[in-house]
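Peer 1: These protein sequence lines are chains E and W, in that order. Here the first sequence is numbered in numbering that gives the first Met the number 0, starting from 0 and rising by one per residue. Here the second sequence is numbered in numbering that gives the first Met the number 0, starting from 0 and rising by one per residue. A virtual CB, placed ideally from N, CA and C, is assigned to each residue, including glycine.
Number of protein chains: 2
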Amino acid sequence: MAAYLVGVDVGGTTTKIGIFPQGERAIAAWEIPTRKFEEIDYIWEDIASAIFAKAEELKIGKEELKAVGVGLPGPIRDDGFLPRCVNLGMGACHPADLLSKALGGIPVAAGNDANVAALGEVYYGAAKGYQDAVVFTLGTGVGGGIILKGRIVAGNRGLGGEVGHMVVNPDEEAVCNCGNRGCLEQYASATGIVRIAHKFLKETDKASSLRGLEDFSCKTVCDEAKAGDELALDTLEVFGKYLGIAVAHTVLTVDPDIIILGGGVTRAGQILIDVTEKYMKEFTHLTNEHVPIVIATLGNDAGIYGSAALAASLLDQ
Amino acid sequence: MAAYLVGVDVGGTTTKIGIFPQGERAIAAWEIPTRKFEEIDYIWEDIASAIFAKAEELKIGKEELKAVGVGLPGPIRDDGFLPRCVNLGMGACHPADLLSKALGGIPVAAGNDANVAALGEVYYGAAKGYQDAVVFTLGTGVGGGIILKGRIVAGNRGLGGEVGHMVVNPDEEAVCNCGNRGCLEQYASATGIVRIAHKFLKETDKASSLRGLEDFSCKTVCDEAKAGDELALDTLEVFGKYLGIAVAHTVLTVDPDIIILGGGVTRAGQILIDVTEKYMKEFTHLTNEHVPIVIATLGNDAGIYGSAALAASLLDQ
Chain E
0 MAAYLVGVDV GGTTTKIGIF PQGERAIAAW EIPTRKFEEI DYIWEDIASA
50 IFAKAEELKI GKEELKAVGV GLPGPIRDDG FLPRCVNLGM GACHPADLLS
100 KALGGIPVAA GNDANVAALG EVYYGAAKGY QDAVVFTLGT GVGGGIILKG
150 RIVAGNRGLG GEVGHMVVNP DEEAVCNCGN RGCLEQYASA TGIVRIAHKF
200 LKETDKASSL RGLEDFSCKT VCDEAKAGDE LALDTLEVFG KYLGIAVAHT
250 VLTVDPDIII LGGGVTRAGQ ILIDVTEKYM KEFTHLTNEH VPIVIATLGN
300 DAGIYGSAAL AASLLDQ
Chain W
0 MAAYLVGVDV GGTTTKIGIF PQGERAIAAW EIPTRKFEEI DYIWEDIASA
50 IFAKAEELKI GKEELKAVGV GLPGPIRDDG FLPRCVNLGM GACHPADLLS
100 KALGGIPVAA GNDANVAALG EVYYGAAKGY QDAVVFTLGT GVGGGIILKG
150 RIVAGNRGLG GEVGHMVVNP DEEAVCNCGN RGCLEQYASA TGIVRIAHKF
200 LKETDKASSL RGLEDFSCKT VCDEAKAGDE LALDTLEVFG KYLGIAVAHT
250 VLTVDPDIII LGGGVTRAGQ ILIDVTEKYM KEFTHLTNEH VPIVIATLGN
300 DAGIYGSAAL AASLLDQ
């Protein structure tokens, strides 16, 4: 009898699911719509039905599905408790227990989606072969995950890896989405990078190909920086300074084997690593040995891969 | 046959040693001089002889000494390797192996002294009963330790828990002992607190009982703050702001069960907790649930207690 793991990544619009022969990469990956708010109670049955239907299609028996992992966009604690999930309209619950029940008792482990994606990069992606990694996910916002000894650090309040809201600039006056001021997210997210470029355009007279554009994206700022545009380069210096501080903080606390940068912003590539490394070295003055910083490799699949790794951890116990 | 653990805390001047019946508090604790620099090779034999002599005195047989833990003032990595220990003039080595050899094969585990002291507070002190804790040791400098799942987070380069050199104020102009600028140590150590008070005396005209004193200690600043001196209170606000940021960083990365403040500075008591908590809450805006902050209880004995806990971990394996 073969053994399969299932990885589930619940997003605000769609839920991705992958089926993995144990120890191997996904043999099937697909999406279903995420039911939420007034329909939230259906979410577990939807996922269970989708898994069983695909298993049947692949001629995998129910008894061959050994464990399931699920990532959710909320603060799941070390003990599996989720106080609430605002994005889905989900109240306090133990998601793993609910999904396990819908699956007729297959063991389930649950984690925060960003933490689970970080776990995916450690078991299948950019940090394969490492045990301790910190992931910064630079998208519209900034999330992350901390993996030590191959396990997610979820934390007492589910705040493990919430690196986007570390206050890296206590003197900032602009307000973050979270209501605080000076969070990493204000400098290292796609929206943060665009915000800083606009600030430089407004506050300086520097010539720039960004000047006069009514609207521009993070990608445009990065492209112009690569083309040598000084104002765009200044913008990436601000990005690198504050991300470098945040990376340094994780080095001086958990000192991981490797740092991974993921999320849409990292499509800009090496220029982001270079500027972050420069400042990280400055802010970890205490040592001449520096942590490697690399770009994530799994993209949007990190969630299902990480969930499969979470599922696998249930079988190790 | 009874089982005993030994805790060893190697300092720059003296080495403390404690003997612990397994699962109990120390039944003997004493000090020997630390040999270092040109005499560094004698250090392991000195410790071994001292342990055996005391065991004989206590009528404990060698075979009843089950495991030894040792804390050293250097960056000991997860794998037990110490690249160098500047304070002792010790070169690259595996301290646990060397001490075990001197002890005729008794199993030994080694750790960084600040990390080991943190472990002591978790197993025997202020965080007894908790699994995940972050300790900030506020002395002449600032050290610390991170304990997750009851184990030290030592890190890839032995930088785990080096919280004193997190850059909490990237705009600082004064230089830290480490050569960087804006480290926590510049605000939260005894010398840091005195430095800030002097800065306020120089840069403001505020009346203060500290004004005119040629020299004053951290204790005096804290005492004057408690007596209502405004300039001393301003000084503690700076302390609290930057320590609060550092505490918040650890909450948004490893999210521990409890934060412990140790070291000589904490003799000032509750006033330090209050000002740190105020800022920690501000800088963990993301949550309404806050980590408790408490003062360490083991004082200078934390090292031998933590080493005994480290020794105990060898027997669990």
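Please state whether DSSP places Ala132 of chain E in a helix, a strand or coil.
Peer 2: Locating residue 132 of chain E in the first sequence gives position 133, where the first residue counts as 1. Strand at Ala132 of chain E.
Peer 1: Quick check on Gly302 of chain W: does DSSP put it in helix, strand or coil?
Peer 2: Taking the first residue of the second sequence as position 1, residue 302 of chain W is located at position 303. Gly302 of chain W: helix per DSSP, three-state reduction.
Peer 1: In the structure shown, what three-state DSSP assignment does Cys182 of chain W receive?
Peer 2: Taking the first residue of the second sequence as 1, we reach residue 182 of chain W at position 183. Cys182 of chain W: strand per DSSP, three-state reduction.
Peer 1: Can you pull the chain E residues whose beta carbon is under 9 Å from the beta carbon of Cys177 of chain W, in chain order?
Peer 2: Position 178 of the second sequence, counting from 1, holds the residue named residue 177 of chain W. Those within 9 Å of Cys177 of chain W in chain E are His284 and Leu285.
Peer 1: Are the segment 147-165 of chain E and the segment 247-258 of chain W touching, with three or more C-beta to C-beta distances below 8 Å?
Peer 2: Touching, yes, given that three or more Cβ pairs across the two stretches are closer than 8 Å.
Peer 1: Where do the ends of the alpha helix (DSSP H) carrying Glu55 of chain W lie?
Peer 2: The residue labelled residue 55 of chain W in the question sits at position 56 within the second sequence. It spans Ile42 to Glu56 - the alpha helix (DSSP H) in which Glu55 of chain W sits, taken as one unbroken run.
Peer 1: Evaluate Lys15 of chain E with the Cβ neighbour count: other Cβ atoms within 10 Å of its Cβ, from every protein chain shown; 16 or more gives buried, anything less gives exposed.
Peer 2: Taking the first sequence and counting its residues from 1, one reaches residue 15 of chain E at position 16. Lys15 of chain E comes out buried.
Peer 1: In chain W, what lies closer than 8 Å to Asp112 of chain E by C-beta?
Peer 2: Your numbering for residue 112 of chain E matches position 113 in the first sequence. Within 8 Å Cβ-Cβ: nothing; Asp112 of chain E doesn't reach chain W, min ~16 Å.
Peer 1: At the level of alpha carbons, what is the spacing between Gly79 of chain W and Thr265 of chain E?
Peer 2: As a first step, residue 79 of chain W is located in the second sequence; it is residue number 80 there, counting from the start. As a first step, residue 265 of chain E is located in the first sequence; it is residue number 266 there, counting from the start. Computed Cα separation, rounded: 35 Å.
Peer 1: Give, in chain order, every residue of the segment 232-262 of chain W whose Cβ lies closer than 9 Å to some Cβ of chain E.
Peer 2: Result list: Lys240, Tyr241, Ile244, Ala245, Ala247, His248, Thr249, Val250, Leu251, Thr252, Val253, Asp254, Pro255, Asp256 and Ile257.
Peer 1: Just verifying my parser: in three-state terms, what is the DSSP assignment at Val253 of chain E?
Peer 2: Here residue 253 of chain E is taken as the residue at index 254 of the first sequence, counted from 1. Coil at Val253 of chain E, not helix or strand.
Peer 1: Quick one: does His164 of chain W have its CB under 9 Å from some CB of chain E?
Peer 2: Position 165 of the second sequence, counting from 1, holds the residue named residue 164 of chain W. It does; some Cβ of chain E falls within 9 Å.
Peer 1: Which word fits Asp204 of chain W, buried or exposed, when buried means at least 16 other C-beta atoms lie within 10 angstroms of its C-beta?
Peer 2: Looking up residue 204 of chain W in the second sequence gives position 205. Exposed.
Peer 1: Determine the DSSP secondary structure at Glu37 of chain E, reduced to helix, strand or coil.
Peer 2: For this step, residue 37 of chain E is matched to residue 38 along the first sequence. It is helical.
Peer 1: Just grab the DSSP bridge partners of Ala108 of chain W for me.
Peer 2: Taking the second sequence and counting its residues from 1, one reaches residue 108 of chain W at position 109. Paired residues: W:Gly68.
Peer 1: Using CA coordinates, which residue listed in W:Asn287, W:Gly140 and W:Ala1 is at the minimum distance from Lys58 of chain W?
Peer 2: Along the second sequence, one-based indexing puts residue 58 of chain W at 59. Cα-wise, what sits closest to Lys58 of chain W is W:Ala1.
Peer 1: According to DSSP, simplified to helix, strand and coil, what is Tyr123 of chain W?
Peer 2: Here residue 123 of chain W refers to the residue found at position 124 of the second sequence. Of the three classes helix, strand and coil, the one that applies to Tyr123 of chain W here is coil, per DSSP.
Peer 1: Taking Leu313 of chain E as the reference, which of E:Leu64, E:Cys84 and E:Tyr41 has the closest Cα?
Peer 2: If you number the first sequence from 1, residue 313 of chain E lands on position 314. Of E:Leu64, E:Cys84 and E:Tyr41, the residue nearest in Cα terms is E:Leu64.
Peer 1: What does Glu276 of chain E reach in chain W if we use C-beta pairs closer than 7 Å?
Peer 2: Position 277 of the first sequence, counted from the start, is the residue given in the question as residue 276 of chain E. Neighbours of Glu276 of chain E on chain W: none; closest Cβ ~15 Å, over 7 Å.
Peer 1: Any C-beta of chain E sitting closer than 9 Å to the C-beta of Asn86 of chain W?
Peer 2: Position 87 of the second sequence holds residue 86 of chain W. False, the Cβ-Cβ gap to chain E never drops below 9 Å.
Peer 1: Any beta carbon of chain W sitting closer than 9 Å to that of Asp281 of chain E?
Peer 2: Position 282 of the first sequence holds residue 281 of chain E. Checking the sequence shown, residue 281 of chain E turns out to be Glu, not Asp. So, interface residue.
Peer 1: Quick check: is the beta carbon of Arg156 of chain W nearer than 9 Å to any beta carbon in chain E?
Peer 2: Here residue 156 of chain W is taken as the residue at index 157 of the second sequence, counted from 1. Chain E, which has a Cβ nearer than 9 Å to the Cβ of Arg156 of chain W, makes this yes.
Peer 1: Tell me the start and end of each unbroken alpha helix (DSSP H) in the segment 169-254 of chain E that is at least 4 residues and wholly inside, in chain order.
Peer 2: Fully enclosed alpha helix (DSSP H) runs of 4 or longer: 184-187, 189-202, 217-225 and 229-250.
Peer 1: Where do the N-terminal and C-terminal ends of the alpha helix (DSSP H) with Thr14 of chain W fall, by residue?
Peer 2: Stepping through the second sequence from its first residue, residue 14 of chain W is reached at position 15. First-last for Thr14 of chain W: Thr13 to Pro20, but that is the beta strand (DSSP E), not the alpha helix (DSSP H).
Peer 1: Which stretch, first to last residue, makes up the alpha helix (DSSP H) that contains Val274 of chain W?
Peer 2: Counting from one through the second sequence, the residue named residue 274 of chain W turns up at place 275. Start and end: Gln269 to Phe282.
Peer 1: Would you identify the three-state DSSP class for Glu62 of chain E, choosing helix, strand or coil?
Peer 2: Stepping through the first sequence from its first residue, residue 62 of chain E is reached at position 63. Glu62 of chain E falls in the helix class under three-state DSSP.
Peer 1: Is there at least one Cβ from chain W nearer than 9 Å to Pro169 of chain E's Cβ?
Peer 2: Mapped onto the first sequence, residue 169 of chain E falls at position 170. Yes, its Cβ sits closer than 9 Å to a Cβ of chain W.
Peer 1: Output needed in chain order: residues of the segment 122-145 of chain W with a Cβ under 7 Å from some Cβ in chain E.
Peer 2: So the close ones are Asp131 and Ile145.
Peer 1: May I have the straight-line CA-CA distance separating Ala47 of chain W from Gly103 of chain W, to the nearest angstrom?
Peer 2: Against the second sequence, residue 47 of chain W aligns to sequence position 48. Against the second sequence, residue 103 of chain W aligns to sequence position 104. Using only the alpha carbons, I get a separation of about 9 Å.
Peer 1: Between Gly305 of chain W and the rest of its own chain, which residues show a CB-CB distance below 6 Å, the 5 nearest in sequence each way excluded?
Peer 2: For the purposes of this step, residue 305 of chain W is identified with residue 306 of the second sequence, where counting begins at 1. So the list reads Val115, Ala116, Leu118 and Gly119, once near-sequence residues are dropped.
Peer 1: So is Arg150 of chain W buried or exposed if we call it buried at 16+ other beta carbons inside 10 Å?
Peer 2: By one-based count along the second sequence, residue 150 of chain W stands at place 151. The residue is buried, with at least 16 neighbouring Cβ atoms inside 10 Å.
Peer 1: If you measure between the beta carbons of Asn111 of chain W and Gly140 of chain W, is that distance less than 9 Å?
Peer 2: What you label residue 111 of chain W is simply residue 112 of the second sequence in a count that begins at 1. What you label residue 140 of chain W is simply residue 141 of the second sequence in a count that begins at 1. Going by C-beta atoms, Asn111 of chain W is not nearer than 9 Å to Gly140 of chain W.
Peer 1: Let me make sure I understand the geometry here. Which of E:Gly6, E:His284 and E:Pro106 has the alpha-carbon closest to that of Ala28 of chain E?
Peer 2: For the purposes of this step, residue 28 of chain E is identified with residue 29 of the first sequence, where counting begins at 1. Closest by alpha carbon: E:Gly6.
Peer 1: In the DSSP output, what is Ile75 of chain E paired with across the bridge?
Peer 2: Taking the first sequence and counting its residues from 1, one reaches residue 75 of chain E at position 76. Per DSSP, none; premise fails for Ile75 of chain E.
Peer 1: Check whether chain E comes within 9 Å of Glu38 of chain W, counting only Cβ atoms and requiring the distance to be less than that.
Peer 2: Within the second sequence, the letter at position 39 stands for residue 38 of chain W. It does not; no Cβ of chain E falls within 9 Å.
Peer 1: Among E:Gly128, E:Gly263 and E:Gly159, whose alpha-carbon lies nearest the alpha-carbon of Ile75 of chain E?
Peer 2: On the first sequence, residue 75 of chain E is found 76 positions in, with the first residue counted as 1. Looking at the Cα atoms, E:Gly159 is the closest of the given residues.
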